[in-house]
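Chemist:
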Amino acid sequence: MPYKGTDQFSHNEPERLGVLVTNLGTPDAPTTPALRKYLAEFLWDPRVVEVPRPIWWLILHGIILRIRPRKSAQAYASVWQPEGSPLLIHTAKQAEGIREALKKKYGSNVVVGFAMRYGNPSISRVLEDMQQQDVRKLLVLPLYPQYSASTTASTFDAIAADFTRRRWLPDFRFVSHYHDYPPYIEAMARHIEAHWANHGRHEKLILSYHGVPLKYLLKGDPYHCECHKTSRLLAERLGLGQDDYLTTFQSRFGREEWLQPYTDETLKSLPEKGVKSVDVFCPGFSSDCLETIEEINEENREYFMESGGEAFGYIPCLNATPGHIDALVQLVEDNLKGWAVPDNGPDNLAARQKCAEARKQATFPGRTDI
Numbered sequence: 001m002p003y004k005g006t007d008q009f010s011h012n013e014p015e016r017l018g019v020l021v022t023n024l025g026t027p028d029a030p031t032t033p034a035l036r037k038y039l040a041e042f043l044w045d046p047r048v049v050e051v052p053r054p055i056w057w058l059i060l061h062g063i064i065l066r067i068r069p070r071k072s073a074q075a076y077a078s079v080w081q082p083e084g085s086p087l088l089i090h091t092a093k094q095a096e097g098i099r100e101a102l103k104k105k106y107g108s109n110v111v112v113g114f115a116m117r118y119g120n121p122s123i124s125r126v127l128e129d130m131q132q133q134d135v136r137k138l139l140v141l142p143l144y145p146q147y148s149a150s151t152t153a154s155t156f157d158a159i160a161a162d163f164t165r166r167r168w169l170p171d172f173r174f175v176s177h178y179h180d181y182p183p184y185i186e187a188m189a190r191h192i193e194a195h196w197a198n199h200g201r202h203e204k205l206i207l208s209y210h211g212v213p214l215k216y217l218l219k220g221d222p223y224h225c226e227c228h229k230t231s232r233l234l235a236e237r238l239g240l241g242q243d244d245y246l247t248t249f250q251s252r253f254g255r256e257e258w259l260q261p262y263t264d265e266t267l268k269s270l271p272e273k274g275v276k277s278v279d280v281f282c283p284g285f286s287s288d289c290l291e292t293i294e295e296i297n298e299e300n301r302e303y304f305m306e307s308g309g310e311a312f313g314y315i316p317c318l319n320a321t322p323g324h325i326d327a328l329v330q331l332v333e334d335n336l337k338g339w340a341v342p343d344n345g346p347d348n349l350a351a352r353q354k355c356a357e358a359r360k361q362a363t364f365p366g367r368t369d370i
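In UniProt numbering, the protein residues as written are 1 to 370.
(1) Taking the alpha-carbon positions, what's the residue 42 to residue 48 distance?
(2) By the DSSP assignment, the beta strand (DSSP E) with residue 171 in it spans what residues?
(3) Run through DSSP, which three-state label would residue 137 get?
(4) Where does residue 258 land, buried or exposed, given buried means 16+ other C-beta within 10 angstroms?
(5) Using the C-alpha atoms, what's the distance from residue 159 back to residue 129?
(6) So who's on the other strand from residue 250, going by DSSP bridges?
(7) Leaving out the 5 sequence neighbours to the left and right, which residues in its chain are closer than 6 Å to residue 264 when beta-carbon positions are compared?
(8) Is residue 63 buried or exposed, if buried means 16 or more other CB atoms sit within 10 Å of its CB?
(9) By DSSP, does residue 23 sit in helix, in strand, or in coil?
(10) Quick check on this structure: which residue in 213, 15 and 270 has the alpha carbon closest to the alpha carbon of residue 243?
(11) Should the segment 325-338 be regarded as contacting the segment 199-211, the criterion being three or more beta carbon pairs within less than 8 Å?
(12) May I ask you to report which of helix, strand or coil DSSP gives residue 18?
(13) Give me the Cα-Cα distance between residue 326 and residue 61, rounded to the nearest whole angstrom.
(14) Can you tell me which of the three DSSP states residue 111 falls into?
(15) Identify the continuous beta strand (DSSP E) that holds residue 312 and give its terminal residues.
(16) Between which residues of its own chain and residue 44 is the CB-CB distance below 7 Å, once the five residues before and five after are set aside?
(17) Out of 135, 203 and 152, which has the shortest C-alpha to C-alpha gap to residue 15?
(18) Between the C-alpha atoms of residue 305 and residue 298, what's the straight-line distance to the nearest angstrom?
(19) Answer yes if the segment 176-188 comes into contact with the segment 98-108, meaning at least three C-beta pairs across the two stretches below 8 Å, and no otherwise.
(20) With a threshold of 16 other CB atoms inside 10 Å of the CB of residue 77, please say whether the residue is buried or exposed.
(21) Roughly how many whole angstroms lie between the Cα atoms of residue 312 and residue 247?
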């Protein structure tokens, strides 16, 4: 098969270092056709749903994609912004924040892009853009603080699959998790403290993470453990006791058992236990999205208040706040250590040009087409 190369390639082109920020994904529009396309890609990923393919194909195409897209489209429409989905907007701003910080230090020698595992901009498209910009060293940062095979490993799968079709592979590094990275813990703590300073603090802090099936934990996935470590480190930094916070899991799907306790059932039960006011924060989500805005701040708020709760405080995700950008930039730079940023100054490029010409004439005398 033909392998992808660089258009109009020249051996004396300036080389760059690339940083690719990725997130889960989003439909192109809050419509039923767009959701059907997005969900077909997302739910067909064997990392997401570990069910034998023939059986799952029948369930997915015979039932789920006939019913769920319309309901999901209505939910997305409730959070959609003029610029697009919240997840897309925040991820773009996060990448821009990282880009600006690195540009001040390294100029144009570092290329920062962002891509979505499902939907657009696709990983393949952004990797192609980076190859055309002569990225020869690539760091990939999935914005999943806690590792899970269903998210982090799926991103790796997509990148590896793209690499199998490329002629020249970059040096490659991959951030598999940062659940206990001190700047990330500090950024969350300061973010929560700022919210409390502006809106007041309620009785209990709920730390809600996206759920995964229990069988993933039993098969060795570290996600559950990393979520609890994040909660513990964050609680210690905030000076919370064990009775001051809870770790819960949201967004379960299907009939099988998922990680517990479930966020919705927890919020329904707290008022009868005497907890009348809560704050909810989602440490596993780098950006506000459907699962935080609609599911937590609307649906679960309603569960709590209807069950006898008196006050519900939603603490937004870190999004592109300065503290989060600073933490992500530190994470990137820590993972770039040992890689020299290319020197593409005029003197170095001129020297490389002379070297390339000399090599060409020595190896292919008289050739003008290379």
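Ideal Cβ placement from N, Cα and C applies to all residues, glycine included.
Modeler: Taking the structure as given:
(1) Position 42 of the sequence shown holds residue 42. Position 48 of the sequence shown holds residue 48. In this structure, the straight-line span from the alpha carbon of residue 42 to that of residue 48 is close to 7 Å.
(2) Within the sequence shown, numbered from 1, the residue matching residue 171 stands at position 171. Run containing residue 171: 171-174, per the beta strand (DSSP E) assignment.
(3) Indexing the sequence shown from 1 puts residue 137 at position 137. In this structure, residue 137 counts as strand in the three-state DSSP scheme.
(4) Taking the sequence shown and counting its residues from 1, one reaches residue 258 at position 258. Buried, since its Cβ has 16 or more Cβ neighbours within 10 Å.
(5) Residue 129 sits at position 129 when you count from the first residue of the sequence shown. Residue 159 sits at position 159 when you count from the first residue of the sequence shown. Going from the Cα of residue 129 to the Cα of residue 159 covers about 14 Å.
(6) Counting from one through the sequence shown, the residue named residue 250 turns up at place 250. According to DSSP, which records beta bridges pairwise, residue 250 is partnered with 210.
(7) Locating residue 264 in the sequence shown gives position 264, counting from the first residue. Excluding positions up to five away in sequence, the list reads 300 and 303.
(8) For the purposes of this step, residue 63 is identified with residue 63 of the sequence shown, where counting begins at 1. Under a 10 Å Cβ-count criterion, residue 63 is classified as exposed, with fewer than 16 other Cβ atoms of the shown protein chains found around its own Cβ.
(9) Taking the sequence shown and counting its residues from 1, the one referred to as residue 23 is at position 23. In this structure, residue 23 counts as strand in the three-state DSSP scheme.
(10) Within the sequence shown, numbered from 1, the residue matching residue 243 stands at position 243. Closest by C-alpha distance to residue 243, out of 213, 15 and 270, is 270.
(11) Flag = no, the segment 325-338 and the segment 199-211 do not touch.
(12) Reading the sequence shown from its first residue, position 18 is the one you call residue 18. Annotated three-state conformation of residue 18 is strand, per DSSP.
(13) Residue 326 sits at position 326 when you count from the first residue of the sequence shown. Residue 61 sits at position 61 when you count from the first residue of the sequence shown. So the alpha carbons of these two residues sit roughly 43 Å apart.
(14) Taking the sequence shown and counting its residues from 1, one reaches residue 111 at position 111. Correct three-state label for residue 111: strand.
(15) The residue labelled residue 312 in the question sits at position 312 within the sequence shown. Its beta strand (DSSP E) spans residues 311-314.
(16) Here residue 44 is taken as the residue at index 44 of the sequence shown, counted from 1. Non-local beta-carbon contacts of residue 44 in its own chain, meaning distances under 7 Å to residues more than five positions away in sequence, involve 60 in chain order.
(17) Your numbering for residue 15 matches position 15 in the sequence shown. Of the candidates 135, 203 and 152, the residue whose Cα lies closest to the Cα of residue 15 is 135.
(18) In the sequence shown, residue 305 corresponds to position 305, counting from 1. In the sequence shown, residue 298 corresponds to position 298, counting from 1. Cα to Cα, residue 305 sits roughly 11 Å from residue 298.
(19) As far as the Cβ criterion goes, the segment 98-108 does not touch the segment 176-188, which means the pair count is below three.
(20) Translated into positions along the sequence shown, residue 77 becomes position 77. By the 10 Å Cβ count, residue 77 comes out exposed.
(21) Along the sequence shown, one-based indexing puts residue 312 at 312. Along the sequence shown, one-based indexing puts residue 247 at 247. Answer to the nearest angstrom: the Cα atoms are 16 Å apart.
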